[in-house]
Amino acid sequence: MAKDITTPFPVSGYRGPELFCNREEEVNTVTNAIKSGRNITLFSIRRMGKTSLIRHFFHLLGTEKNRLTLYVDIMPTFNLKGFTNQLATAIVQSFPENTSFGKKIWGWIKGLRPQISFDPYNGLPQLSFEIGQVGEQKATIKNLLQFMDQSGKKTVIAIDEFQQITRYPETETEAWLRSEIQQLQNVNFIFSGSQKHLLLEMFNSTKRPFYSSTQMLQVGGIGKEHYAPFIAHHFKVGNKSIKEDGIDFILEWCRLHTFYVQTLCNRIYASQEKNISINTVQLIIKRILTENEAVYFTFRELLTGPQWSLLIAIAKEGRVYTPTAGAFIQKNLLGTPATVKRSLDSLMDKEMIFRESSASGNYYQVYDLFLSRWLEYKQ
Ligand SMILES: Nc1ncnc2c1ncn2[C@@H]1O[C@H](COP(=O)(O)OP(=O)(O)OP(=O)(O)O)[C@@H](O)[C@H]1O
Ligand SMILES: [Mg+2]
264 MAKDITTPFP
274 VSGYRGPELF
284 CNREEEVNTV
294 TNAIKSGRNI
304 TLFSIRRMGK
314 TSLIRHFFHL
324 LGTEKNRLTL
334 YVDIMPTFNL
344 KGFTNQLATA
354 IVQSFPENTS
364 FGKKIWGWIK
374 GLRPQISFDP
384 YNGLPQLSFE
394 IGQVGEQKAT
404 IKNLLQFMDQ
414 SGKKTVIAID
424 EFQQITRYPE
434 TETEAWLRSE
444 IQQLQNVNFI
454 FSGSQKHLLL
464 EMFNSTKRPF
474 YSSTQMLQVG
484 GIGKEHYAPF
494 IAHHFKVGNK
504 SIKEDGIDFI
514 LEWCRLHTFY
524 VQTLCNRIYA
534 SQEKNISINT
544 VQLIIKRILT
554 ENEAVYFTFR
564 ELLTGPQWSL
574 LIAIAKEGRV
584 YTPTAGAFIQ
594 KNLLGTPATV
604 KRSLDSLMDK
614 EMIFRESSAS
624 GNYYQVYDLF
634 LSRWLEYKQ
């Protein structure tokens, strides 16, 4: 069997500062907020690098003795019970029983008689409480947060995919959590999420409990001036040659969308090719798109004719500012503005497209870059 190829372009998780590109400005913003006692909310479309930014920030903060950090991903939770389990699990995983803080917190948690299982892949403990009553769940969360507050150290808790709490059936979760958070003296929060409309609604609407309660930070793509030298450096270290125009091509083709840049570089690096030309890059792109084709065909089955046509039209255009404008509709044979509007809403709901603002106004773009490029070439 061929040897494993360790590439310097991971496509999941955080692998330390050496393989993490730039984000200096974002780190400074987060650092300044947290060190001044302000909570901060990170938002962006998916796969831009929010979670990695949090991990990187925690890595940098980890060198400070008087700080604790806790990362909780609430994506898999659907109610307050899920939140309780996820928070408790994150705490016991971050503070093992053989640390002094871990010993204290484990002692208390065990008194609640949780079911403890161990993740078959990484061996880490997973907790689940059989608490039926919402009141008891809230009391448990309150206690866990207070434990963190009274740890004797400044603590930062990151709650990833925070918009998920808006989907919990327990009404008033937002208001209750906001008031609990406000009572903590030594804990600051980083909230993060990819569902921009839900998050912005939570933090920017005067009617909502979290209104104006945090600083907001939109995480955009990594600038070409940082990403190009980073890519060049790692190819060089791996004894591979790639010219500037090759790197420019990758960044432009991937529209500086972090996950796609990483995936393409990962595949190019792993291809064993020593001299990488634009041709090599194009060959690998073709391979990736062909591999994904079966999935793209199922998308076509799942969408209506007008939705599929609109998706293709947006892909071909790249960015579409006014999809209901006559010229765009006629050029792409999309029917009436009302049909386009309906398809647009539906594609937004399905997260097949996203809407983003720019200096030239709001535009629509196909969410998945690889799908977008495939539609552009194929249809
Ligand atoms: N600064 C960076 N340098 C190198 N790779 C990065 C960087 N930031 C993110 N990545 C890589 O990009 C991919 C997406 O990053 P990440 O998962 O952090 O995005 P996200 O915004 O949290 O996505 P989602 O909204 O889907 O949770 C990952 O594969 C990660 O390894
Ligand atoms: Mg994430």
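Just so you know, we're using the working numbering here: the sequence shown kicks off at 264 and counts up by one.
Virtual Cβ for every residue (Gly too), placed ideally from N, Cα, C.
Contacts around residue i, its chain only, beta-carbon distance under 6 angstroms, and the 5 residues preceding and following it disregarded
i	result
K459	F306
H497	P271
N595	A576
L638	I575, A578
S457	R309
I505	F498, I539
V524	C517
R582	Y626, Q628
R301	Q478
T543	E536
Secondary structure of residue i, DSSP reduced to three states
i	result
R530	helix
S307	coil
S245	With the chain covering only 264 through 642, there is no way to say anything about residue 245.
Q448	coil
K417	strand
R330	strand
S391	strand
D336	strand
E614	coil
I575	helix
S455	strand
Q535	coil
D508	helix
F473	coil
S635	helix
V482	coil
V500	helix
Classification of residue i by the beta-carbon crowding that lies within 10 angstroms, buried from 16 upward
i	result
K401	buried
N385	exposed
D508	exposed
M411	buried
F560	exposed
P383	exposed
E614	exposed
Y640	exposed
V558	exposed
L607	buried
E643	Limits of the chain in this structure are 264 at one end and 642 at the other, which puts residue 643 out of reach.
S299	exposed
7 angstroms CB neighbourhood of residue i in its chain, flanking five on each side removed
i	result
N342	Y431, P432, E433
W571	R563
V603	L573, P586, T587, I592, L597
I510	A491, I494, A495
F358	F364, G365, I368
G624	Y584
K487	L514, L519
L407	L350, A351, I354
CB of residue i within 8 angstroms of CB of residue j, strictly
i	j	result
L514	F633	no
V450	I428	no
L546	S414	no
K503	K549	no
F454	F493	no
I303	L480	yes
E443	K405	yes
F392	T347	yes
I485	R636	no
L333	T403	no
I422	I337	yes
R518	P472	no
I531	I539	yes
E619	Y626	yes
V482	G276	no
Q409	L387	no
A296	Q478	yes
F522	V274	yes
Close beta carbons around residue i, own chain, < 8 angstroms, minus the five adjacent residues each side
i	result
V335	Q349, L350, A353, I420, A421, I422, D423
L527	I513, W516, C517, V544, I547, I548, I551
C-beta neighbour in chain B for residue i, strict 8 angstroms
i	result
N538	This model lacks chain B altogether; it includes just one protein chain.
Review point. Under a criterion of Cβ closer than 6 angstroms to any non-hydrogen atom of ligand 2, which residues qualify, in chain order?
Key: K313, T314, D423
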